[in-house]
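The block underneath contains the structure these notes are about, expressed in structure tokens.
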Ligand SMILES: [Zn+2]
Ligand SMILES: [Zn+2]
């Protein structure tokens, strides 16, 4: 497209005019977004707002991974699906919403179960990944694939009235395993089906994931171009903690990258070299789809 | 409907199950939402996420006011519209999105220019109003109509990388005029067309407007019912200030209701008794649609 | 005496687009908000002062905060600055 | 010595669903985080302590913060509490 070759089309200028005029975006920033690709892992409460705001902003290629179909109980928070899509693939339903908002965006539907056999290929095909998933086994897998493929990971999560957001594996920042080398006991893991969630909480976190991704992509604009203002992600090595009940936002400093991390340490030191070699369901005590029979207190 | 008469239907239970199980919601809270009505003033960057999260949560009646039609330059932030809706009424376009997500919600389209002749009737027809508008004249009008009709007002705004949110006229809290008795000089007023905006910023503020509205509505659940946990709005007399560039959230304490406020003081003291008597365009130096010829620096 | 000044919502455009300033004021004097506004006018304002001040007051549409509280709560122009205070000037946004 | 404790992300469910606690500790003793964890186990834990502690450590999946910094940055179990410190225990969320 024209954007890939040094200028914006008239269509692009009118569509993106309201963000183009920001000095942190500008023509160079808009071209950067158009030349970028983002993988959304999970087309649920986080993935819906994340995907739509990224597509709206003109990210050139958006991939959506989800193996589930839309259920009516999703619709209180997964706002880009529709009643008419109940029973349809979530990835396809979200892709359809993205296309109808912005047909300039290339959308790839990955209607597959993410696992050790496909995660590396999928993550390697995009510049940045967003963890919008809903269970520890998938979160460890996504993290490891991003680290081994050299991709930054914008991670969001939500439950009840609370949400969390951070960026992993960005430049020298920590990864998910640096923070959580040992997985939680499955009896302490609660998902949104079990614990409930206010729909606007993943809405807020997913929207912030999109904003953080945009800032991360804009940081790649060459500094010498025009009068572009520098910008970059805010949550590498930092964690946002949101409590909707009290409307409290807390920003926390995280530990640096850990030299003994199982996956992001040097190739000589790390113990995980290929995601295919890890049994994530075993590691976490249960897989992404196992029913939780435990105590479920946390 | 069944919800109005003391229980939830099987459909409602499965649709809202993930929020029903939260102790701050519960069956009584869900019934409260179903019996509530919310007016969204502006179907743009704030109104899109606000309306969709309120409808998703099961607010019984949503009204959408907007006189504009969808333009392609709206689509980078107004995520519930679609390319196919360019040229269509924004209020109708957003209403269509709401209905396709949740057909249980009654949606009223107000495809009219809000002014002194219709504002009181419109605001009085709903329990709560959301200011999702984009200019001072409209914001003063909405405020005065809410005060005189006795309706709380959830106010959001966004520009460039920044957003603000507060609740006006809730119980003994202040109103917009308590904070801003004198309008800004029009040359210091910038809208999103002139100043630009990152789409996810109104996305975040509009999503929080929905969350705040849900908490405000849930505060009306009778305390004696079941084991319902108390909850209420967080931003009455408080202002949220968000800066997306640095990802900074600031919560600020505002002054109380002002005894000499032109509109929310006692009927004996106030100088504004009817919105019909105020020329808002004259008061603000320009109306909602006047082109800004001024300096536009702030 | 060290005081932190923060400008946002567009008010920073009058101050070289810099949102965060830390200033040192002679601690042997007392510093009211009124005196601080004059100091800002004389020392920091890069553009025409009438865009920030209207007479002795901050112009309509700018909210002034002292340590995250509306300055109306702490005496407005008469508030006396303390060491390490954070004063914020927020231009109210109208977009949506 | 006054210390504020905050539990969130579900960790508060072990503490009577109360997120915010302010506790007083004898100031004449020194209080390491290790000692604080034991104090919490003996004085605050409403449910089975193994849901919060695993041996001497906080169980996997709970992030510990000292004044909004990961406790790994300040010495973890060896950090010595100061008056007015805020200690936060956040259970990591996995939902989406
Ligand atoms: Zn690591
Ligand atoms: Zn008032």
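Chains as they are written, first to last, in the working numbering: chain W, 961 to 1258; chain L, 961 to 1258; chain G, 2 to 97; chain F, 2 to 97. Cβ coordinates follow ideal geometry from the N, Cα and C atoms, glycine included.
Partner residues on chain L for residue i, Cβ-Cβ distance less than 8 Å
i	result
residue 1164 of chain W	1164, 1167, 1168 and 1171
residue 984 of chain W	1121 and 1205
residue 70 of chain G	1212 and 1213
residue 1209 of chain W	1209 and 1211
residue 1261 of chain W	Because residue 1261 of chain W is not part of the residues shown, which for chain W are 961 to 1258, the question remains open.
Secondary structure of residue i, DSSP reduced to three states
i	result
residue 1180 of chain W	coil
residue 1047 of chain W	coil
residue 1068 of chain L	strand
residue 1120 of chain W	strand
residue 1023 of chain W	strand
residue 1091 of chain W	strand
residue 21 of chain G	strand
residue 1203 of chain L	strand
residue 1137 of chain W	helix
residue 1128 of chain L	strand
residue 1256 of chain L	Confidence is the limiting factor: at residue 1256 of chain L the pLDDT is only 34, short of 50, which leaves the residue's position unreliable, though a coordinate-based value still follows. Residue 1256 of chain L falls in the coil class under three-state DSSP.
residue 7 of chain F	strand
residue 1210 of chain W	strand
residue 1039 of chain L	coil
residue 99 of chain F	Nothing in the structure corresponds to residue 99 of chain F, since chain F is present only between 2 and 97.
residue 962 of chain W	Confidence at residue 962 of chain W is low in this model, with a pLDDT of 44, below 50, so its placement is unreliable and no value can be given for it.
residue 58 of chain G	strand
residue 994 of chain L	helix
residue 70 of chain G	strand
Ligand 2 heavy atom lying under 7 Å from the CB of residue i
i	result
residue 1106 of chain L	no
residue 1235 of chain L	no
Chain W residues whose Cβ lies nearer than 8 Å to that of residue i
i	result
residue 9 of chain F	1122, 1201 and 1203
residue 1062 of chain L	1035 and 1043
Contacts that residue i makes with chain L (C-beta to C-beta distance below 7 Å)
i	result
residue 91 of chain G	1201
residue 66 of chain G	1212
residue 74 of chain G	1213 and 1215
Proximity of residue i and residue j at Cβ, strictly below 8 Å
i	j	result
residue 1143 of chain W	residue 1076 of chain W	no
residue 1013 of chain W	residue 1167 of chain W	yes
residue 1083 of chain L	residue 1015 of chain L	no
residue 1130 of chain W	residue 1103 of chain W	no
residue 5 of chain G	residue 81 of chain G	no
residue 1179 of chain W	residue 1191 of chain W	yes
residue 7 of chain G	residue 18 of chain G	no
residue 1001 of chain W	residue 1092 of chain W	yes
residue 67 of chain G	residue 90 of chain G	no
residue 1040 of chain W	residue 1051 of chain W	no
residue 1177 of chain W	residue 1152 of chain W	no
residue 1113 of chain W	residue 1215 of chain W	no
residue 1061 of chain W	residue 1024 of chain W	no
residue 69 of chain F	residue 2 of chain F	no
residue 998 of chain W	residue 1074 of chain W	no
Cutoff 8 Å: residue i Cβ touching any chain B Cβ
i	result
residue 61 of chain F	Any reference to chain B falls outside this structure, whose protein chains are W, L, G and F.
Residue i CB to nearest heavy atom of ligand 1 below 7 Å
i	result
residue 1218 of chain W	yes
Interface residues of chain W facing residue i [CB-CB closer than 7 Å]
i	result
residue 57 of chain F	Ordered by position in chain W, no residue passes the 7 Å Cβ test against residue 57 of chain F, which lies about 15 Å from the chain.
Where residue i meets chain W, residues with beta-carbon distance less than 9 Å
i	result
residue 22 of chain F	Neighbours of residue 22 of chain F on chain W: none; closest Cβ ~15 Å, over 9 Å.
residue 45 of chain F	Neighbours of residue 45 of chain F on chain W: none; closest Cβ ~16 Å, over 9 Å.
Contacts that residue i makes with chain G (C-beta to C-beta distance below 9 Å)
i	result
residue 1140 of chain L	61, 62, 64 and 93
Interface residues of chain G facing residue i [CB-CB closer than 7 Å]
i	result
residue 1092 of chain L	97
residue 1125 of chain L	Those within 7 Å of residue 1125 of chain L in chain G number zero; the least Cβ separation is about 10 Å.
residue 1225 of chain L	Those within 7 Å of residue 1225 of chain L in chain G number zero; the least Cβ separation is about 16 Å.
residue 1117 of chain L	94, 95, 96 and 97
Residues that residue i contacts on chain F, provided the C-beta gap is smaller than 8 Å
i	result
residue 1137 of chain W	Per Cβ cutoff of 8 Å: no residues; residue 1137 of chain W is ~11 Å from chain F at best.
residue 1152 of chain W	96 and 97
residue 1004 of chain W	97
Neighbouring residues, chain F, relative to residue i (Cβ below 7 Å)
i	result
residue 1238 of chain W	Within 7 Å Cβ-Cβ: nothing; residue 1238 of chain W doesn't reach chain F, min ~17 Å.
CB-CB length for residue i against residue j, believed under 8 Å
i	j	result
residue 1174 of chain W	residue 1017 of chain W	6 Å
residue 1195 of chain L	residue 1088 of chain L	Not really, about 13 Å apart at Cβ, beyond 8 Å.
ask   = In chain order, what are the residues with a CB under 5 Å from some non-hydrogen atom of ligand 3?
value = As far as ligands go, the structure on display features ligand 1 and ligand 2 and does not contain ligand 3.
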